[in-house]
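A.B. asks: One point on numbering: in full-length UniProt numbering, the residue at position 54 of the sequence shown is 54, and numbering is uninterrupted. Note that beta-carbon positions come from the ideal geometry of N, C-alpha and C, so glycine has one too. Bear in mind that the values here come from a model prediction, so they are computed numbers and not experimental data.
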Amino acid sequence: MYDAVLVPTDGSEGSVTAAEHAIDLAQRHDASLHALHVLETEQVVEQIPDFEDSSIFDRLADAGQQAVDDLRAQAEDAGIDTVTTAVEQGVPHEEVVDYVERNDIDVVVMATEGRTGPSKELIGSVTESVVRASPVPVLAVKVGGET
């Protein structure tokens, strides 16, 4: 039923919980797993001139790469044979849907919320936007729910 599972990650507790569900789903269906981190730079670029040339951008990109690398290691430890990682830049829900279409993804597994603080509401809205726009099923994992 599922040959390719996508889990967007921001490294938050919610993303880790979603990753556990995605790994389980990939194991059950002998599917490949895709880990995606999206650097949302649009709002920051408007506020910080030369943002993409700054060390802040580099740190955010490094953190995103670390998030997908950690997820890859977790999946490989669980016996997932094929794990693909990507760090993209753009509007998160648009990048997730584009990734789904470009990579023949069968299901997306996302947390209902991401990092705490101001971005918490943003991440929730990202999940909602992906649910509305995705051409494939989206499994929304409640943070704090059982894994």
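1) Only counting the same chain, and skipping five residues up and downstream in sequence, which positions put a Cβ closer than 6 Å to that of A133?
2) Below 6 Å CB to CB, which residues in the same chain sit around L60 once its five sequence neighbours on both sides are set aside?
3) Do you know offhand how far L139's Cα is from L25's?
4) Out of E94, I56 and F57, which one is the CA nearest neighbour of L36?
5) Have a look at the DSSP bridge pairing and note the partners of V83.
6) Let me confirm a value: E113 is counted as buried when at least 16 other C-beta atoms fall within 10 Å, else exposed. Which label applies?
7) Only counting the same chain, and skipping five residues up and downstream in sequence, which positions put a Cβ closer than 6 Å to that of G11?
8) Rounded to whole angstroms, what's the CA-CA distance from I123 to D81? Just pull it up for me.
9) Where do the N-terminal and C-terminal ends of the beta strand (DSSP E) with V141 fall, by residue?
10) Between D3 and the rest of its own chain, which residues show a CB-CB distance below 6 Å, the 5 nearest in sequence each way excluded?
C.D. replies: On the basis of the coordinates in this document:
1) So the list reads V97, once near-sequence residues are dropped.
2) Cβ-Cβ distances below 6 Å link L60 to L39 in the same chain, with the five nearest sequence neighbours on each side left out; the list follows chain order.
3) Between the C-alpha atoms of L139 and L25 there is a straight-line separation of about 10 Å.
4) It is E94 whose Cα lies nearest to the Cα of L36.
5) Beta-bridge partners assigned by DSSP to V83: L33.
6) By the C-beta density criterion, E113 is buried, having at least 16 other C-beta atoms within 10 angstroms.
7) In its chain, beyond the 5 residues on either side, A67 have a beta carbon closer than 6 Å to the beta carbon of G11.
8) In this prediction, I123 has a pLDDT of 46, which is less than 50 and means its spatial position is unreliable; what the coordinates show is noted afterwards. One C-alpha to the other measures close to 29 Å.
9) In the DSSP annotation of this structure, the continuous segment of the beta strand (DSSP E) that includes V141 starts and ends at V138 to V141.
10) In the same chain as D3, and ignoring 5 residues on each side of it, the C-beta atoms closer than 6 Å to its own belong to A31 and D106, in chain order.
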